[in-house]
Amino acid sequence: MAQGLFFGIYLASLYLGRGLPSVSLSTVATGLEEQVVQEIDDDDEEEEEEKEEEEEEEETEMIVHWVQRRSLMPRTLESQITLEKTPSYFVTQEAPRRIFNMSRDTKLIVVVRNPVTRAISDYTQTLSKKPDIPTFEGLSFRNRTLGLVDVSWNAIRIGLYALHLEGWLRYFPRAQIHFVSGERLITDPAGEMGRVQDFLGLRRFLTDKHFYFNKTKGFPCLKRTEASLLPRCLGKSKGRAHVQIDPEVIDQLREFYRPHNIKFYETVGQDFRWE
Numbered sequence: 157m158a159q160g161l162f163f164g165i166y167l168a169s170l171y172l173g174r175g176l177p178s179v180s181l182s183t184v185a186t187g188l189e190e191q192v193v194q195e196i197d198d199d200d201e202e203e204e205e206e207k208e209e210e211e212e213e214e215e216t217e218m219i220v221h222w223v224q225r226r227s228l229m230p231r232t233l234e235s236q237i238t239l240e241k242t243p244s245y246f247v248t249q250e251a252p253r254r255i256f257n258m259s260r261d262t263k264l265i266v267v268v269r270n271p272v273t274r275a276i277s278d279y280t281q282t283l284s285k286k287p288d289i290p291t292f293e294g295l296s297f298r299n300r301t302l303g304l305v306d307v308s309w310n311a312i313r314i315g316l317y318a319l320h321l322e323g324w325l326r327y328f329p330r331a332q333i334h335f336v337s338g339e340r341l342i343t344d345p346a347g348e349m350g351r352v353q354d355f356l357g358l359r360r361f362l363t364d365k366h367f368y369f370n371k372t373k374g375f376p377c378l379k380r381t382e383a384s385l386l387p388r389c390l391g392k393s394k395g396r397a398h399v400q401i402d403p404e405v406i407d408q409l410r411e412f413y414r415p416h417n418i419k420f421y422e423t424v425g426q427d428f429r430w431e
């Protein structure tokens, strides 16, 4: 359970006894902006009906997806929680409505980090797989001289947390959403996980004694337990050195994100101190 919480936190959905998710833990990754344009022209009625049928089919596909994922979950007791993670929920436009329709009591856990650091990390990971992609600077700006940031680039858009959150707040009350600081998850894993456990109504079974800092990876790891002879750390793709970026580019992106970050702080009632 302890390992599942720590490593599943990045994006997950909680299942109780293989049921549909009673808790959906999400992370910094969903464009939850939902723009629905309703045409009142009589000529569009047939098109609208087809659209509704397509949405119903998509809804059914997602429920089938959950049922299939649920069948892979280990059986649990009423006192146990099983985690399943999918990193794209938070920025997936349809996710809030569909999860709400499946279970309006679902709790959400979202892990966020400095959007500039997150974008660089995203680029670094992509570069390791596609070394011929354009530079980070080239992808980040439509016009760097004018300071026009390209929000169509996914690595940049994901960091607009306040925008994505709007979609979730249309369906879920703020009290059902818990935000985890990605920075503090590294510097104070026990503290952050303690707050997660409080949010889930669990006793604080994860404490400082369960973690150690892995100097090689630069991340905290879980010490080995009776159930696991080996310590648990993040995967090989985590902890790689980031690409070196021009400090001026970083400053420009910080300025771009500042108003978005402030709005996010105000909405969630938490200052992540990214400025």
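Counting the sequence shown from 1 gives a position; the numbering used here is that position plus 156.
In this text, a Cβ means the ideal position worked out from N, Cα and C, and glycines have one as well.
Predicted model, so just to flag it, every value in this text is computed and none were measured.
Contact set for F432: own chain, Cβ-Cβ below 8 angstroms, skip 5 residues either direction | Here the chain has residues from 157 to 431 only, and residue 432 is not among them.
Exposed or buried, which one is H320 when buried takes at least 16 other CB atoms within 10 Å?
-> Locating residue 320 in the sequence shown gives position 164, where the first residue counts as 1. Looking at its Cβ environment, which holds 16 or more other Cβ atoms inside 10 Å, H320 is buried.
Use the C-beta contact count for H334: other C-beta atoms within 10 angstroms, 16 or more gives buried, fewer gives exposed.
-> By 1-based counting over the sequence shown, the position of residue 334 is 178. Flag for H334 reads buried.
Would you report the Cα separation of G338 and L304, rounded to the nearest angstrom?
-> Looking up residue 338 in the sequence shown gives position 182. Looking up residue 304 in the sequence shown gives position 148. Approximately 27 angstroms between the Cα atoms of the pair.
Start and end of the alpha helix (DSSP H) containing I312?
-> Taking the first residue of the sequence shown as position 1, residue 312 is located at position 156. Start and end: N310 to R313.
Alpha carbon to alpha carbon, what distance is there between V399 and D288?
-> Position 132 of the sequence shown, counting from 1, holds the residue named residue 288. Position 243 of the sequence shown, counting from 1, holds the residue named residue 399. Between D288 and V399, the C-alpha separation is close to 14 angstroms.
How far does the beta strand (DSSP E) with Y245 in it reach, from first residue to last?
-> In the sequence shown, counting from the first residue as 1, residue 245 sits at position 89. Note, Y245: premise wrong, no beta strand (DSSP E); not H, not E.
What residues in its chain sit with their C-beta under 6 angstroms from that of R442, if we drop five residues either side in the sequence?
-> No answer is possible for residue 442: it lies beyond the span of the chain, which begins at 157 and ends at 431.
Can you give the beta carbon distance from Y279 to A311, rounded, assuming they're within the 8 angstroms contact cut?
-> As a first step, residue 279 is located in the sequence shown; it is residue number 123 there, counting from the start. As a first step, residue 311 is located in the sequence shown; it is residue number 155 there, counting from the start. Sure, about 6 angstroms apart at Cβ, within 8 angstroms.
Any idea which residues DSSP pairs F335 with across the strands?
-> For the purposes of this step, residue 335 is taken as residue 179 along the sequence shown, with counting starting at 1. Its beta-bridge partners are V266.
Look at the alpha carbon of A251 and the alpha carbon of I265, and state the distance between them as a whole number of angstroms.
-> Working through the sequence shown from its first residue, we reach residue 251 at position 95. Working through the sequence shown from its first residue, we reach residue 265 at position 109. So the two alpha carbons sit approximately 14 angstroms from each other.
Cutoff 7 angstroms; reference D364; Cβ partners in own chain excluding five residues on either side | If you number the sequence shown from 1, residue 364 lands on position 208. Closer than 7 angstroms at the Cβ level, and outside the excluded window around D364, lie A346.
Spatial neighbours of R360 in its chain, beta-carbon cut-off 6 angstroms, leaving aside the 5 residues before and after | Numbered from 1 along the sequence shown, position 204 holds the residue referred to as residue 360. Cβ neighbours of R360 beyond the five flanking positions: G350 and Q353.
For V405, collect the residues of the same chain with a Cβ closer than 6 angstroms to its Cβ; drop the 5 residues on either side in sequence, then sort them by chain order.
-> Translated into positions along the sequence shown, residue 405 becomes position 249. Taken in chain order, the residues that qualify are E293.
Determine the DSSP secondary structure at R298, reduced to helix, strand or coil.
-> One-based indexing of the sequence shown puts residue 298 at position 142. It is a strand residue.
Please report the Cβ distance between F420 and A275, rounded to the nearest whole angstrom; I am assuming they are in contact, meaning their Cβ atoms lie under 8 angstroms.
-> Along the sequence shown, one-based indexing puts residue 420 at 264. Along the sequence shown, one-based indexing puts residue 275 at 119. That belief does not hold up - the Cβ atoms of F420 and A275 are roughly 15 angstroms apart, past 8 angstroms.
The alpha helix (DSSP H) spanning P271 covers which residue range?
-> As a first step, residue 271 must be located in the sequence shown, where it is residue number 115. P271 to K285 is the extent of the alpha helix (DSSP H) around P271.
Please state if the CB of V267 and the CB of L341 are separated by a distance shorter than 8 angstroms.
-> Taking the sequence shown and counting its residues from 1, one reaches residue 341 at position 185. Taking the sequence shown and counting its residues from 1, one reaches residue 267 at position 111. A distance below 8 angstroms separates the beta carbons of L341 and V267.
Find the nearest neighbour of R298 within the set L409, E322, P376 and P415, judged by alpha-carbon distance.
-> Taking the sequence shown and counting its residues from 1, the one referred to as residue 298 is at position 142. Selected option, being the one with the closest Cα: L409.
For F292, the three-state DSSP class (helix, strand or coil) = Here residue 292 is taken as the residue at index 136 of the sequence shown, counted from 1. In the structure shown, F292 sits in a helix (DSSP, three-state: H, G or I).
DSSP state of Y327, grouped into three classes?
-> Along the sequence shown, read from residue 1 onward, the residue named residue 327 stands at position 171. Assigned with DSSP and collapsed to three states, Y327 falls in coil, not helix or strand.
E348, buried or exposed, once every other Cβ within 10 Å from all chains shown has been counted against 16 | By 1-based counting over the sequence shown, the position of residue 348 is 192. Burial call: buried.
Measure the C-alpha to C-alpha separation of D198 and G323 and round it to an integer number of angstroms.
-> Here residue 198 is taken as the residue at index 42 of the sequence shown, counted from 1. Here residue 323 is taken as the residue at index 167 of the sequence shown, counted from 1. Because D198 sits at a pLDDT of 31, beneath the cut-off of 50, its placement in the model cannot be relied upon, and the following sentence gives the value as read from the coordinates. The C-alpha of G323 is placed about 29 angstroms away from the C-alpha of D198.
Using the Cα positions of L302 and T423, report the straight-line distance between them to the nearest angstrom.
-> Here residue 302 corresponds to residue number 146 of the sequence shown, with the count starting at 1. Here residue 423 corresponds to residue number 267 of the sequence shown, with the count starting at 1. Taking the straight line joining both Cα atoms gives about 29 angstroms.
Smallest Cα separation from F246: which of L362, R313, L295 and I401?
-> Indexing the sequence shown from 1 puts residue 246 at position 90. Cα-wise, what sits closest to F246 is R313.
Could you pull out every residue in the same chain whose Cβ sits closer than 6 angstroms to the Cβ of F355, ignoring the five residues on either side in sequence?
-> One-based indexing of the sequence shown puts residue 355 at position 199. Apart from the 5 residues on each side of it in sequence, F355 sits with its Cβ closer than 6 angstroms to the Cβ of H334 in its chain, given in chain order.
Extent of the continuous alpha helix (DSSP H) to which L409 belongs = Working through the sequence shown from its first residue, we reach residue 409 at position 253. Unbroken alpha helix (DSSP H) run through L409: P403 to V424.
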